[in-house]
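Visitor: Once you've had a glance at the structure underneath, I'll fire off some questions.
Pasting the structure below:
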């Protein structure tokens, strides 16, 4: 198996463990304590550190002299936390369990954006790398489809403890695979010379970036600011979608089929990432806007669907539209993030989305008494607003396309330099 093949296996195994934690923790808490709320508190402790740990994880990854040790070690810590929660939840004092959850959650940015930042070092720049990001995005969607189903199946056949054990084994496999990856020089992004304030030269010689450099880059580089602000807004709605689907199914007279709606969305997203997400001929910024607008339109239709079957079909269509969004996001981060802060940009972007999703989950909890269709319509509006926000921010200083001569025109955000094919 080649380096990128091993990377995909590691990413899928790690994200399988991450995606299964939500259901695994709640099922284990319900089984051992009789309270799903106890599991919700542990899950909150697991998710909360993401946005705070993201810049630290990104800076540590960029400064690591032995990246193999850093990534394998972070995934090993993630594995240990999952295994410890499987053993301690419902048995150990609550503060101990919450502390373990916080420590494990602090490794989360490495599982998401941190791993994705490695793709640039494994696949040469060009259309091949764009396609590689499509495959990387598909690991998220594949994990979101299979992990909850696997946890639920093992929990039903055996118990929740072994289900958590499956997640721990998957995380351990990811750590082992990460230790086997080739960690080469990720190279210089298309605009790195500009951001580092230097001319062309040998790659990988930029000074080490400070802890706040990633956040500064997200704000300073217009393309990164546009995609980060838009996807953060969109994920407020995505975070509310699971609870809303449960309420919507109950409102349609089919309680218990909310999982069917989310499965339809996840399967659609996987299909979208494997098909539309591989359209390297479309500029990633445009693809991201289409994805958010299409998701919003499909969810808007679902809000008025008269049956669970039609609602599920609309959810699947929304998933197909949502699928390419992550691929486009990864391409934009790779193209516009300087190599010295690439890991920070990836981990920060992922951390902000996780935090936005947890905010959306909290907001829908407060508004749970409202008619479900209005909640879903609100989520749809957020997706459409995110597409509009991306258009508004990126349109103010759009980077010119590469002319036939291969020499790009100047832009408001970066001087002339080489461009990745298909860039915005």
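In our numbering, the protein residues as written are 20 to 443. Yeah, the Cβ is synthetic: ideal placement off N, Cα and C, and Gly gets one too.
1. Can you say whether residue 54 is buried or exposed, counting buried as having 16 or more other CB atoms within 10 angstroms of its CB?
2. Taking 8 Å as the threshold (C-beta atoms), are residue 108 and residue 48 in contact?
3. Counting Cβ pairs, one atom from each stretch, are 3 or more of them under 8 Å apart for the region 172 to 187 and the region 300 to 319?
4. Quick one: what does DSSP say residue 34 is sitting in, helix, strand or coil?
5. Which residues bound the alpha helix (DSSP H) around residue 370?
6. Evaluate the contact criterion for the region 285 to 299 versus the region 338 to 357: three or more CB pairs, one atom per stretch, below 8 Å.
7. Starting from the N-terminal side, write out each stretch of the alpha helix (DSSP H) that is 4 residues or longer and does not extend beyond the region 41 to 95.
8. Measure the CB-CB distance between residue 453 and residue 270 and report whether it falls below 8 Å.
9. Quick one: using the 10 Å Cβ neighbour count with 16 as the cut-off for buried, is residue 112 buried or exposed?
10. Within 10 angstroms of its Cβ, does residue 393 collect 16 or more other Cβ (buried), or is it exposed?
11. Considering only the alpha carbon of each residue, which of 38, 356, 405 and 342 lies closest to residue 189?
12. Can you tell me the Cα-Cα spacing of residue 152 and residue 158, whole angstroms?
13. Please name the residue in 136, 43 and 33 whose C-alpha comes closest to that of residue 354.
14. Residue 288 and residue 342: beta carbons closer than 8 Å?
15. So residue 321 and residue 307 are supposed to be a Cβ contact under 8 Å. How far apart are they, rounded?
16. Based on Cα-Cα distance, which residue from 149, 63 and 391 lies nearest to residue 42?
17. Tell me whether the region 363 to 377 and the region 116 to 128 touch, counting them as touching only if at least three CB pairs, one residue from each stretch, are closer than 8 Å.
18. How big is the Cα-Cα spacing for residue 411 and residue 243?
19. Rounding to the nearest angstrom, what Cα-Cα distance links residue 318 and residue 399 in this structure?
20. How would you label residue 384, buried or exposed, when you count the other beta carbons within 10 angstroms and need 16 or more for buried?
21. Could you say which of 142, 77, 283 and 180 lies nearest to residue 161 if we only look at CA atoms?
22. If you compare alpha carbons, which of 68, 237, 61 and 201 is closest to residue 413?
23. What separation, rounded to the nearest whole angstrom, lies between the Cα atoms of residue 29 and residue 265?
24. Leaving out five residues on either side along the sequence, give the residues of the same chain with a beta carbon under 6 Å from the beta carbon of residue 170.
25. Could you tell me whether the region 58 to 74 touches the region 82 to 91, using the rule of 3 or more Cβ pairs below 8 Å?
26. When you compare only the Cα positions, how much space is there between residue 26 and residue 390?
27. State the DSSP-derived secondary structure class of residue 126, mapped to helix, strand or coil.
28. Find the nearest neighbour of residue 65 within the set 382, 324, 121 and 241, judged by alpha-carbon distance.
29. DSSP three-state label for residue 152, please.
30. How is residue 454 classed by DSSP in three states: helix, strand or coil?
31. Using alpha carbons as the reference points, say which of 81, 329, 314 and 172 lies closest to residue 133.
32. Is it true that the CB of residue 253 sits closer than 8 Å to the CB of residue 17?
33. Thinking just about the alpha-carbon of each residue, which of 268, 118 and 34 is nearest to the one in residue 326?
34. Where does residue 272 fall in DSSP's three states?
35. Quick one: give me the first and last residue of the alpha helix (DSSP H) that residue 286 is part of.
Guide: Looking at the atomic coordinates:
1. exposed
2. yes
3. no
4. helix
5. 361 to 385
6. A contact is defined here as three or more CB-CB pairs under 8 Å, and the region 285 to 299 meets this definition with respect to the region 338 to 357.
7. 55 to 66 and 69 to 82
8. The structure shown has nothing for residue 453, since the chain only spans 20 to 443.
9. exposed
10. exposed
11. Answer by Cα proximity: 38.
12. Cα to Cα, residue 152 sits roughly 10 Å from residue 158.
13. 136
14. yes
15. Not a contact, Cβ separation roughly 21 Å.
16. 63
17. yes
18. 13 Å
19. 5 Å
20. exposed
21. 283
22. 237
23. 32 Å
24. 39, 42, 43 and 182
25. No, the region 58 to 74 is not in contact with the region 82 to 91.
26. 44 Å
27. coil
28. Checking every option, the nearest Cα to that of residue 65 belongs to 121.
29. helix
30. Nothing about residue 454 can be read from this structure; the chain reaches only from 20 to 443.
31. 81
32. Outside the shown range of the chain, which is 20 to 443, sits residue 17, and nothing can be said about it.
33. Minimum Cα distance to residue 326 is reached at 268.
34. coil
35. 277 to 293
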